[in-house]
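Numbering-wise (the working numbering), the sequence shown opens with residue 5 and increments by one. To keep things clear, I will list the structure first and then write my remarks on it.
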Amino acid sequence: MFYRQDRLWLKIVEVVGVFALIVLIDLVTGGEIVSSIPGILLLFVLLAALRYGVNTGLLAFLLLGVYRLFYSWLSGEDVLLLFYETDSLIAFMWLLYVALIAGLFSTSYREKYESLQFHKEEIEDENEYLKETVDLLEETQRMLQTKVLESDHSLSRIYQVGIALDQDHPELIRSEALNVFREVFKAKQMAIYHVDQSQRALRLLIKHDEENQLRQTILIEDRSSMYKRMFQGRTITIRNIEDPEDSPVLLAPLTFEGEIREIVLLQDIEFHSITAHQMQVLSLVLDWMSSRLQKAYTLQLEKEKPKMFSGTGVYKKQFFNELIEMEEKKAKEFGLPYLIGKIRLKSTVDVPIIEAEMMIRSHIREIDRLGYDAGKNELWFLFPGTEPAAREVVFPRIETVLRQKGVVYDA
């Protein structure tokens, strides 16, 4: 545990107040205190740096420096000699060294403690959420009594589902969710789609489809009103007799901060065997998924920031290669296609990465990824869920955008 003070003005008041006390005593004694007890200045800087960090330590050092110059001028001494005398310079450098080292140590320790505190609070929140979920399930179990106990979806089963979905990466959560749907609802065809901001297109993220019938992209305008009903109702939607035959049996939204960001699609399931209790279980699983995915996205974003160029969403090349390896694994395991490519910018043209991203980002999808090889001045592209055959359409469009923006590249 360490002393924490979030109010900046109070930090400044404390440091300035102690400094003023030292100056007052020193002036009253005619400079005897500082000259006879030089360690008091060192102690002042050390305590300020350790208490509040490197910035406050440097503030204490600057206050002492200003006071030393002022006192020398007030005493009639040659102020310039302070910058030439070895003893004076060594004293100043020593105080600066103490302020930096002690301040950096304090700041580092403080950041480490705050990081551990953040993880502790996150775990406590998750435990509280899990406790509330278990309490809700216990209440449901008491209401259903024997019927629930005889069901395959007892409290222990739900708890196992919650543990399976308790992952820290979105891909792992989706993969575990498909396993749950396959075991619980006996689904043979299922997928999770990403929803574009326009809510007019769904992009495949992951699927289990032995017959390979599920589409990579679903345009809402080209499909039945079943999707529109789900967006309007924001709840689990089941196909009715008015929907086309190729419509899925069940659609379920996953909401993040009140917005539908992903959709669970179940096809070829034993619809006649689905009970009201199973639908309640599905609702709980979806709520749990939404919560875990949102937290996983937040955690993943923090982990991904060091892998990107500062202020952008463009990955450094070595980390971009990791994304490609992940897509290769998804292609082998789930049969999901992907498209990669690069455009080599002219080395004589200095195009900041942030400007290049702004030019291109509005012309690609949210799930698409950008990378940059600084050594070769190459801009890389990764399009998940896109067939390699689409290269002849995608990259000419990107090249046209770059050409219109005046960016020179090697074709």
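Ideal Cβ positions, reconstructed from N, Cα and C, are used throughout, including at glycine. Everything numeric in this text was worked out from a predicted model, so none of it was measured.
Span separating the alpha-carbon of residue i from that of residue j
i, j, result
"residue 395", "residue 216", "22 Å"
"residue 246", "residue 230", "9 Å"
"residue 135", "residue 305", "27 Å"
"residue 384", "residue 398", "13 Å"
"residue 117", "residue 105", "18 Å"
"residue 337", "residue 112", "43 Å"
"residue 297", "residue 348", "36 Å"
"residue 144", "residue 263", "28 Å"
"residue 170", "residue 221", "28 Å"
"residue 314", "residue 303", "18 Å"
"residue 318", "residue 408", "21 Å"
"residue 175", "residue 25", "59 Å"
"residue 165", "residue 250", "30 Å"
"residue 52", "residue 60", "6 Å"
"residue 108", "residue 28", "29 Å"
"residue 260", "residue 375", "27 Å"
"residue 282", "residue 124", "34 Å"
"residue 189", "residue 273", "7 Å"
"residue 405", "residue 232", "33 Å"
"residue 115", "residue 131", "24 Å"
Coil, strand or helix - residue i by DSSP
i, result
"residue 340", "coil"
"residue 335", "helix"
"residue 187", "helix"
"residue 369", "coil"
"residue 63", "helix"
"residue 440", "Nothing can be reported for residue 440: it is not among the residues displayed for the chain, which extend from 5 to 415."
"residue 222", "strand"
"residue 256", "strand"
"residue 204", "coil"
"residue 144", "helix"
"residue 282", "helix"
"residue 267", "strand"
"residue 315", "coil"
"residue 24", "helix"
"residue 304", "helix"
"residue 180", "helix"
"residue 379", "coil"
"residue 213", "strand"
"residue 55", "helix"
"residue 320", "strand"
"residue 248", "coil"
"residue 389", "coil"
"residue 273", "coil"
"residue 171", "coil"
"residue 233", "helix"
"residue 124", "helix"
Buried or exposed by the 16-neighbour rule on C-beta atoms within 10 Å, applied to residue i
i, result
"residue 70", "exposed"
"residue 326", "exposed"
"residue 122", "exposed"
"residue 393", "exposed"
"residue 292", "buried"
"residue 214", "exposed"
"residue 389", "buried"
"residue 193", "buried"
"residue 212", "buried"
"residue 366", "exposed"
"residue 360", "buried"
"residue 331", "buried"
"residue 323", "exposed"
"residue 309", "exposed"
"residue 140", "exposed"
Rounded Cβ spacing between residue i and residue j (contact assumed at less than 8 Å)
i, j, result
"residue 343", "residue 334", "About 13 Å separates the two Cβ atoms, so there is no contact after all."
"residue 19", "residue 64", "6 Å"
"residue 418", "residue 191", "There is simply no residue 418 to check, as the chain begins at 5 and stops at 415 in what is shown."
"residue 320", "residue 312", "7 Å"
"residue 103", "residue 62", "5 Å"
Cβ pair residue i, residue j closer than 8 Å
i, j, result
"residue 178", "residue 196", "yes"
"residue 199", "residue 267", "yes"
"residue 253", "residue 238", "no"
"residue 224", "residue 207", "no"
"residue 133", "residue 295", "yes"
"residue 240", "residue 202", "no"
"residue 386", "residue 372", "yes"
"residue 265", "residue 258", "yes"
"residue 316", "residue 368", "no"
"residue 364", "residue 402", "yes"
"residue 58", "residue 184", "no"
"residue 120", "residue 49", "no"
"residue 129", "residue 300", "no"
"residue 346", "residue 370", "no"
Residue i CB to nearest heavy atom of the ligand COA below 7 Å
i, result
"residue 349", "The ligand COA is not among the ligands present in this structure, which contains no ligands whatsoever."
Any C-beta of chain D under 8 Å from that of residue i
i, result
"residue 309", "Note that chain D does not occur in the displayed structure, where there is just one protein chain."
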